[in-house]
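Chains as they are written, first to last, in the UniProt record's numbering: chain A, 1 to 159; chain B, 1 to 159. From the three backbone atoms N, C-alpha and C, an ideal C-beta is built for every residue, glycine too. Bear in mind the structure is a predicted one, so any value in this text is a computation, not a measurement. Report on one structure; see the data block that follows.
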DNA sequence: TATTGTTATACTCTATAACTATA
DNA sequence: TATAGTTATAGAGTATAACAATA
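And the structure:
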C-alpha cells in the first residue's frame with residue numbers, strides 16, 4: 001500500500017513515449033504519410049529559408065520553368081491548390097518580379113505564366129539545394145530503397 | 001508568320017495537364033508525399049464521415065485505447081500536435097462523452113486520459129473500416145508493395 | 001450561357017503568449 | 001523556480017461565393 005515510490009507501478013503520469021504502444025499508428029499508412037510530410041516540410045523550410053522558397057513556391061517555379069506559358073488553372077489543379085489561393089501567391093511572385101503574366105492572344109481570358117530572369121535564377125539556385133536536401137531527409141534509407149519509395153509513391157498516384 | 005491557327009504551335013493556352021512536363025515534381029519525394037497524404041485524408045473523410053471521425057480524432061482514440069492513462073502532453077508530442085490545439089479537441093471529445101479525464105493521484109497536475117465505453121465503441125467501429133479503407137487507398141500497389149511502402153515509411157521516421 | 005481569372009471572405013488548422021494549479 | 005494543463009488569441013492554409021472580361 002506504499003504510495004510515494006515513483007518507480008514501481010507508476011505507469012500513468014510517468015508513462016513516457018518510449019513505453020507507449022504505438023503499433024496501431026505505425027500500421028496506419030495515412031498517419032505515417034503525415035509524419036513523413038511534416039518531416040519533409042520542416043526540413044524544407046530550414047534548407048531553403050535563405051532563398052525565401054516554400055514548398056508551394058518551389059513547385060510553382062518548377063512547373064512554370066518546365067512549362068512556360070502554363071495557365072493558372074492548370075497549375076492550380078496540378079498542385080492541388082484552389083485557384084483563388086494560387087492567385088494570391090502569383091500576385092506576390094509577380095510583384096516581387098519573379099514571374100510575369102501574359103494575356104494569351106488566342107483567348108484573351110487566358111493567362112500565360114512565365115519566369116522572369118530573376119525567377120529563373122532563383123529556381124536554379126533552389127534546384128542546386130534539392131539533391132542534398134532529399135538525401136538528408138531520406139538518409140535512413142539506402143539509395144535503392146529511396147528509389148523504391150519514390151517509385152511506389154508515383155505508382156500510387158494518378159499524376 | 002501565321003497567327004490564328006489554334007492547332008499548330010498553340011502550346012500556351014491549350015496546354016493541358018496531359019501534355020505538361022511534371023517530371024521535376026515526380027522526382028520530388030516531398031511533393032509526392034504531400035499528394036499521397038491529401039489522397040489519404042480525402043479518402044478518410046469519405047469513409048469515416050458516418051462515424052464523425054477525423055484523421056486526428058482517430059489517432060487520438062487509438063493511442064488512448066492502447067495506452068489508457070496517457071497524459072495530454074505525451075499524446076500531443078506523439079501526434080505532432082501543439083498541446084493547446086490538442087486540448088481543444090479533448091474538450092470536445094470529453095463533452096461529447098467519448099473520453100474521460102482523471103487527475104493523477106501521484107501528481108495532481110497530471111491528467112490521465114481514458115476512453116468511455118461510448119468512446120471505446122466508436123473506435124472499435126472505426127477500426128473495422130480501417131482495413132478496407134487502407135486497401136482502397138493503396139489499391140494500385142500489390143500487397144507486397146503495400147507492405148514495403150509502410151516498412152520504408154517506418155524506417156524513415158524516428159517513432 | 002460557359003469559362004478564365006480575380007477579389008473578397010469565411011473557416012479550419014496551427015502557432016504563440018499568458019494564466020492556473022500543483023510540484 | 002519549473003512543469004502540466006488550460007485559455008485566449010493570432011496567424012497560415014484552405015474553402016466557398018460572387019464578379020469582370022471574354023468566349
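8 Å Cβ cutoff met for residue i and residue j
i: residue 43 of chain A; j: residue 137 of chain A; result: yes
i: residue 98 of chain B; j: residue 69 of chain B; result: no
i: residue 149 of chain A; j: residue 141 of chain A; result: yes
i: residue 32 of chain A; j: residue 154 of chain B; result: yes
i: residue 146 of chain B; j: residue 37 of chain A; result: no
i: residue 91 of chain A; j: residue 21 of chain B; result: no
Chain-ordered neighbours of residue i on chain A, where CB pairs are closer than 8 Å
i: residue 39 of chain B; result: 156 and 157
Whole-angstrom distance between residue j and residue i, CA atom to CA atom
i: residue 101 of chain B; j: residue 45 of chain B; result: 27 Å
i: residue 156 of chain A; j: residue 124 of chain A; result: 29 Å
i: residue 134 of chain B; j: residue 107 of chain A; result: 44 Å
i: residue 96 of chain A; j: residue 128 of chain B; result: 51 Å
i: residue 161 of chain B; j: residue 28 of chain B; result: Outside the shown range of chain B (1 to 159) lies residue 161 of chain B, about which nothing can therefore be said.
i: residue 71 of chain B; j: residue 94 of chain A; result: 48 Å
i: residue 152 of chain A; j: residue 111 of chain B; result: 41 Å
i: residue 64 of chain B; j: residue 19 of chain A; result: 13 Å
i: residue 74 of chain A; j: residue 54 of chain B; result: 30 Å
i: residue 51 of chain A; j: residue 117 of chain B; result: 52 Å
i: residue 25 of chain A; j: residue 103 of chain A; result: 49 Å
i: residue 89 of chain A; j: residue 40 of chain A; result: 21 Å
i: residue 35 of chain A; j: residue 105 of chain B; result: 34 Å
i: residue 143 of chain B; j: residue 130 of chain B; result: 16 Å
i: residue 23 of chain B; j: residue 77 of chain B; result: 36 Å
i: residue 56 of chain B; j: residue 85 of chain A; result: 25 Å
CB contact below 8 Å: residue i versus chain A
i: residue 34 of chain B; result: yes
i: residue 80 of chain B; result: yes
i: residue 116 of chain B; result: no
i: residue 20 of chain B; result: yes
i: residue 59 of chain B; result: yes
i: residue 152 of chain B; result: yes
C-beta neighbour in chain B for residue i, strict 8 Å
i: residue 85 of chain A; result: no
i: residue 91 of chain A; result: no
i: residue 132 of chain A; result: no
i: residue 29 of chain A; result: yes
i: residue 147 of chain A; result: no
i: residue 164 of chain A; result: No information on residue 164 of chain A is available, as it lies outside the stretch 1 to 159 that chain A covers here.
i: residue 72 of chain A; result: no
i: residue 141 of chain A; result: yes
Within chain A, the residues that residue i reaches when beta carbons sit closer than 7 Å
i: residue 62 of chain B; result: 24 and 25
Neighbouring residues, chain B, relative to residue i (Cβ below 8 Å)
i: residue 138 of chain A; result: 29 and 156
- Should the region 73-86 of chain A be regarded as contacting the region 47-62 of chain A, the criterion being three or more beta carbon pairs within less than 8 Å? Yes, they touch.
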